[in-house]
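If you're matching them up, the sequences are chains A and B in order.
First residue of the first sequence? That's 28 in my numbering, and the numbers climb one at a time after it.
First residue of the second sequence? That's 55 in my numbering, and the numbers climb one at a time after it.
Note that CB positions come from ideal geometry on N, CA and C, so glycine has one too.
It should be emphasised that the depicted structure is a prediction, and the values quoted were computed from it without experimental measurement.
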Amino acid sequence: DGGITQSPKYLFRKEGQNVTLSCEQNLNHDAMYWYRQDPGQGLRLIYYSQIVNDFQKGDIAEGYSVSREKKESFPLTVTSAQKNPTAFYLCASSRIQGTEAFFGQGTRLTVV
Amino acid sequence: AQSVTQLGSHVSVSEGALVLLRCNYSSSVPPYLFWYVQYPNQGLQLLLKYTTGATLVKGINGFEAEFKKSETSFHLTKPSAHRSDAAEYFCAVSEMSGNTPLVFGKGTRLSVIA
């Protein structure tokens with residue numbers, strides 16, 4: 028089945044550690060996105076990428092980094108510079124930017 | 055810049071009653087509009103979308119939405135609520151030109167009372 032796979036589903040890290048969230052898609056989509064979800068705040072865009080080896084900052088990029096070395100993969104690193112990293116992270120992809128996005132099942136990150 | 059406003063962070067309806075979730079958008083160019091549903095601890099699933107053409111759009115699970123350009127609205131409706139409709143619903147907008155990612159509203163949590 029085609030889709031988007033995020034792993035792991037739950038992730039626990041100690042404060043001050045970097046952590047990388049995985050996102051893989053087999054839909055042959057060009058565009059990929061990372062959103063952060065907090066209660067009552069909806070989805071906020073962290074980073075997005077329209078093509079391989081290119082990505083842009085979203086609204087809340089500080090403390091995060093990404094790479095897009097392969098079309099199907101768009102990993103997100105939450106660095107120690109992110110002041111409040113505990114959240115639900117959603118990866119999505121679309122055929123081209125602005126068209127309907129397909130979402131993964133999310134990764135819930137808890138930093139203690 | 056585009057934006058989405060969803061009126062009411064929480065809506066409660068009785069089973070069998072009409073569901074109406076409100077969405078207003080702001081966009082300086084013709085928009086694409088979307089409604090997504092999210093169940094607890096899961097990703098978002100597309101309910102329906104408006105791109106071009108007919109302004110009344112039908113989606114999955116009996117939901118529909120009408121694009122009203124004059125009111126900059128894209129409200130989501132369902133004639134008769136079912137318990138399984140209890141979830142969080144997100145409205146989203148993007149530019150028809152494809153230059154921007156989807157921008158989401160803050161969501162509306164729908165409760166269905168038996």
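- Secondary structure at Ser124/B, three-state DSSP: helix, strand or coil? helix
- Got a sec, what are the start and stop residues for the beta strand (DSSP E) Thr32/A sits in? Ile31 to Ser34
- Task: With 7 Å as the threshold, decide whether the Cβ of Gly161/B is near any Cβ in chain A.
- Result: yes
- Task: Buried or exposed for Leu136/A, please, with buried defined as at least 16 other CB atoms from any protein chain shown within 10 angstroms of its CB.
- Result: buried
- Message: List, in chain order, every chain B residue whose beta-carbon is nearer than 7 Å to that of Glu127/A.
- Response: Phe88, Leu100 and Lys103
- Message: By the 9 Å beta-carbon criterion, what residues does the segment 136-156 of chain B contribute toward chain A?
- Response: Phe144, Ala146, Ser148, Glu149, Met150, Ser151, Gly152, Asn153, Thr154, Pro155 and Leu156
- Item | Closer than 9 Å at the beta carbon, the chain A residues around Gln96/B | Phe130, Gln132 and Gly133
- So, Tyr86/B versus Thr59/B, is the Cβ gap smaller than 7 Å? no
- Message: In the DSSP assignment, the beta strand (DSSP E) including Asn169/B goes from what residue to what residue?
- Response: In the structure displayed, chain B extends from 55 to 168; residue 169/B sits before or after that span and is not available.
- Query: Is the CB-CB distance between Ile123/A and Gly152/B below 7 Å?
  - Reply: yes
- Task: Select from Ser138/B, Gly159/B, Ser66/B and Val65/B the residue whose C-alpha is nearest the C-alpha of Ser148/B.
- Result: Gly159/B
- Message: Against chain A, with Cβ distances strictly below 7 Å, would Phe128/B count as a contact?
- Response: no
- Item | Through-space distance from Ala119/B to Lys112/B, alpha-carbon basis | 7 Å
- Query: With a CB to CB cut of under 6 Å and the five nearest residues on each side skipped, what residues in its chain are close to Ser134/B?
  - Reply: Gly70
- Item | Simplified DSSP assignment, three categories, for Arg137/B | helix
- Helix, strand or coil for Ile73/A per DSSP? strand
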